[in-house]
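Participant: As given, the protein sequences belong to chains A and B, one line each in that order. No gaps in the numbering here: position 132 of the first sequence is 190 in this note's numbering, and each next residue is one more. No gaps in the numbering here: position 144 of the second sequence is 202 in this note's numbering, and each next residue is one more. Let me begin by handing over the structure; questions about it come next.
Number of protein chains: 2
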Amino acid sequence: MAENASGSEGLLFLTDEQLRKGIEAMFFAYRGFTADPDRILEGMDYGRAHHRAIHFINRSPGLTVSNLLTLLGVTKQSLNRVLRTLFEDGLVEARVGKTDKRERRLHLTEKGAALERALSDAQRARMRAAYRAAGPQAVQGFRTVLEAMMDPELRRQYLGLREDAP
Amino acid sequence: MAENASGSEGLLFLTDEQLRKGIEAMFFAYRGFTADPDRILEGMDYGRAHHRAIHFINRSPGLTVSNLLTLLGVTKQSLNRVLRTLFEDGLVEARVGKTDKRERRLHLTEKGAALERALSDAQRARMRAAYRAAGPQAVQGFRTVLEAMMDPELRRQYLGLREDAP
DNA sequence: CCGGGAATGTCAACAAGACTGACGTAGTTT
DNA sequence: AAACTACGTCAGTCTTGTTGACATTCCCGG
């Protein structure tokens with residue numbers, strides 16, 4: 059039995075206790091989520107900030123610095139420090155914009171793409187294992203709750219970049 | 059090829075694209091998740107680290123410094139800086155352990171509990187809104203995936219706090 | 001064509017929060 | 001008495017974020 063927490067369909071009984079568990083689940087899960095890439099990056103001169111930049115450049119090749127700035131939600135000074143090392147080490151290259159020559163469109167080099175693959179392989183492996191363990195319905199719910207938890211602005215960014223759903 | 063799709067029993071179509079969306083959902087959702095408490099804390103002399111300490115002390119009153127150390131996964135030097143300011147400002151108090159006098163059992167003061175309430179009210183409100191928007195099944199799936207994503211050690215910590223076990 | 005503003009880079013200074021390493025002190029266990 | 005444990009602390013480093021100020025290059029509207 060134990061239909062305790064949530065009514066099977068209609069109403070949600072949201073005790074503070076349940077919410078607290080959700081909060082702690084986010085905290086612990088996020089640690090796990092970042093653990094593998096962090097392990098790979100440690101020892102290199104890079105950190106989580108580099109990973110994030112590389113991720114989004116890989117995902118949207120040719121995006122501009124200010125696109126990336128908006129996605130990451132940091133200051134240009136902060137991002138620039140990261141990008142500079144990525145340029146210097148030949149992981150990322152910038153091509154001057156065709157229509158607007160002020161823009162620098164960012165692309166991964168082969169070397170950069172290789173690192174990206176290493177990082178996201180690790181992260182995807184964990185995500186895949188979690189998805190498999192939890193099952194399809196859980197995955198759907200997972201995504202739905204996460205989307206609902208984003209700030210409206212961030213959600214717009216996220217959805218705007220998605221190809222499939224509305 | 060194209061065998062990357064289905065899991066053993068279910069129809070788990072796990073394309074890299076889908077996994078990438080899950081990864082980004084975690085990234086954006088975590089930003090939203092921490093945004094409200096961060097806003098409250100900004101301007102005070104506190105940060106996210108203080109929030110985390112306060113959260114777990116509230117959750118398990120009387121826990122020791124090393125308990126907290128394990129939960130947070132940081133070094134004692136790092137935690138100590140945080141705890142010191144919380145002691146000085148009278149938000150947390152330490153009581154010498156009864157059986158083992160080396161231990162300092164941590165408790166929130168009234169003032170500390172008030173801040174905890176302010177912080178977690180904000181965070182719970184967001185979590186509640188997300189849960190409501192997503193529905194009960196989604197909530198179940200959300201928690202299931204997050205648990206599966208934790209490191210085994212972290213999951214033990216997390217579960218250990220749910221059901222009281224040694 | 002000129003000037004405002006946008007996109008970008010860069011210098012400098014600073015802060016939070018993590019880390020390592022070393023050392024000290026009180027209390028507990030063997 | 002020695003060894004180990006729980007905790008605190010000093011000192012230094014690193015990453016990643018912040019503000020503020022200023023320069024350059026370029027687009028576009030008047």
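C-beta: ideal position from N, C-alpha, C; glycine also. Since the model is a prediction, treat every value here as computed from it, not as a measurement.
How would you write the range of the beta strand (DSSP E) that B:LEU149 sits in, first residue to last?
Facilitator: Numbered from its first residue, the second sequence carries residue 149 of chain B at position 91. Counting along the chain, B:LEU149 falls outside any beta strand (DSSP E), and DSSP gives it neither H nor E.
Participant: If you draw a straight line from the alpha carbon of A:ARG89 to that of B:MET208, how long is it in whole angstroms?
Facilitator: Here residue 89 of chain A refers to the residue found at position 31 of the first sequence. Here residue 208 of chain B refers to the residue found at position 150 of the second sequence. Whole-angstrom Cα-Cα distance: 7 Å.
Participant: Which chain B residues sit within Cβ distance under 7 Å of A:ALA87?
Facilitator: Taking the first sequence and counting its residues from 1, one reaches residue 87 of chain A at position 29. What A:ALA87 touches in chain B: LEU204, MET207 and MET208.
Participant: Cβ of A:GLU82 less than 8 Å from any chain B Cβ?
Facilitator: Here residue 82 of chain A corresponds to residue number 24 of the first sequence, with the count starting at 1. Cβ-Cβ to chain B under 8 Å: yes for A:GLU82.
Participant: Let me know the beta strand (DSSP E) ranges lying completely inside the stretch 117-205 of chain A, each 3 residues or longer, listed in chain order.
Facilitator: Taking only runs of at least 3 residues, the beta strand (DSSP E) segments lying wholly in the stretch 117-205 of chain A are 150-154 and 162-166.
Participant: Please confirm if B:LEU72 has its CB atom under 8 Å from at least one CB of chain A.
Facilitator: Locating residue 72 of chain B in the second sequence gives position 14, where the first residue counts as 1. Taking Cβ atoms only, chain A reaches closer than 8 Å to B:LEU72, which makes this a yes.
Participant: Let's test the definition: count the other Cβ atoms within 10 Å of the Cβ of B:LEU217 and tell me whether it reaches 16, buried, or not, exposed.
Facilitator: Indexing the second sequence from 1 puts residue 217 of chain B at position 159. Exposed is the call here.
Participant: Let me see if you follow: with CB-CB separation under 8 Å, is A:GLN195 close to chain B or not?
Facilitator: As a working mapping, residue 195 of chain A is identified with position 137 in the first sequence. Chain B, which has a Cβ nearer than 8 Å to the Cβ of A:GLN195, makes this yes.
Participant: What do you get for B:GLN135, buried or exposed, if any count of 16 or more other CB atoms within 10 angstroms of its CB means buried?
Facilitator: Here residue 135 of chain B refers to the residue found at position 77 when the second sequence is read from its first residue. Exposed: under 16 other Cβ atoms inside 10 Å.
Participant: Excluding five sequence neighbours on each side, which residues of the same chain lie with their C-beta closer than 8 Å to the C-beta of B:LEU149?
Facilitator: Translated into the one-based positions of the second sequence, residue 149 of chain B becomes position 91. The answer, listed in chain order, is ILE112, LEU166, THR167, LYS169, GLY170 and LEU173.
Participant: For A:LEU77, which residues in the same chain have their Cβ closer than 6 Å to its Cβ, ignoring the five residues on either side in sequence?
Facilitator: Taking the first sequence and counting its residues from 1, one reaches residue 77 of chain A at position 19. No residues qualify anywhere along the chain.
Participant: Who are the Cβ neighbours of B:VAL123 in its own chain at under 6 Å, not counting the five residues just before and after it?
Facilitator: Locating residue 123 of chain B in the second sequence gives position 65, counting from the first residue. ARG162, listed in sequence order.
Participant: How about the stretch 150-161 of chain B and the stretch 179-199 of chain B: do they share at least three Cβ pairs that are nearer than 8 Å?
Facilitator: No, the stretch 150-161 of chain B is not in contact with the stretch 179-199 of chain B.
Participant: What is the DSSP secondary structure of A:ARG78, reduced to helix, strand or coil?
Facilitator: One-based indexing of the first sequence puts residue 78 of chain A at position 20. Helix at A:ARG78.
Participant: For A:MET207, name the three-state secondary structure that DSSP assigns.
Facilitator: For the purposes of this step, residue 207 of chain A is taken as the residue at position 149 of the first sequence. Correct three-state label for A:MET207: helix.
Participant: List, in order along the chain, the chain B residues whose C-beta lies closer than 7 Å to that of A:GLY90?
Facilitator: By one-based count along the first sequence, residue 90 of chain A stands at place 32. Here the neighbours are MET207, MET208, ASP209 and LEU212.
Participant: Note down, in chain order, every chain B residue with its Cβ under 8 Å from the Cβ of A:ARG78.
Facilitator: Working through the first sequence from its first residue, we reach residue 78 of chain A at position 20. ARG117, SER178 and ARG182, listed in chain order.
Participant: Is it true that the CB of B:LEU130 sits closer than 8 Å to the CB of B:MET137?
Facilitator: As a position in the second sequence, residue 137 of chain B is number 79, starting the count at 1. As a position in the second sequence, residue 130 of chain B is number 72, starting the count at 1. The question names Met, but residue 137 of chain B in the sequence shown is Leu. Cβ atoms of B:LEU137 and B:LEU130: closer than 8 Å.
Participant: Could you give the distance in angstroms between the alpha-carbon of A:LEU212 and the alpha-carbon of B:GLU75?
Facilitator: Taking the first sequence and counting its residues from 1, the one referred to as residue 212 of chain A is at position 154. Taking the second sequence and counting its residues from 1, the one referred to as residue 75 of chain B is at position 17. Rounded to the nearest angstrom, the two C-alpha atoms are 19 Å apart.
Participant: Alpha carbon to alpha carbon, what distance is there between A:LEU204 and B:MET84?
Facilitator: Position 26 of the second sequence, counting from 1, holds the residue named residue 84 of chain B. Position 146 of the first sequence, counting from 1, holds the residue named residue 204 of chain A. Going from the Cα of B:MET84 to the Cα of A:LEU204 covers about 7 Å.
Participant: Can you tell which of B:ARG117, B:ALA107 and B:LEU72 has the C-alpha that lies nearest to the C-alpha of B:ARG175?
Facilitator: By one-based count along the second sequence, residue 175 of chain B stands at place 117. When only C-alpha atoms are compared, the closest one is B:ARG117.
Participant: If distances are taken between C-alpha atoms only, which option among B:ALA107, B:LEU144 and B:THR202 comes closest to B:THR133?
Facilitator: For this step, residue 133 of chain B is matched to residue 75 along the second sequence. With distances taken between Cα atoms, B:THR133 lies closest to B:ALA107.
Participant: Whole angstroms are fine: how far does the CA of A:GLY105 sit from the CA of B:ALA206?
Facilitator: Translated into positions along the second sequence, residue 206 of chain B becomes position 148. Translated into positions along the first sequence, residue 105 of chain A becomes position 47. Computed Cα separation, rounded: 25 Å.
Participant: Who pairs with B:ASP103 in a beta bridge, going by DSSP?
Facilitator: As a position in the second sequence, residue 103 of chain B is number 45, starting the count at 1. Bridge partners of B:ASP103: B:GLU100.
Participant: Could you tell me if A:PHE71 is buried or exposed, where buried requires 16 or more neighbouring beta carbons within 10 angstroms of its beta carbon?
Facilitator: In the first sequence, the residue the question calls residue 71 of chain A occupies position 13. By the 10 Å Cβ count, A:PHE71 comes out exposed.
Participant: To the nearest angstrom, how far is it from the Cα of B:ALA187 to the Cα of A:GLN195?
Facilitator: Taking the second sequence and counting its residues from 1, the one referred to as residue 187 of chain B is at position 129. Taking the first sequence and counting its residues from 1, the one referred to as residue 195 of chain A is at position 137. Approximately 20 Å between the Cα atoms of the pair.
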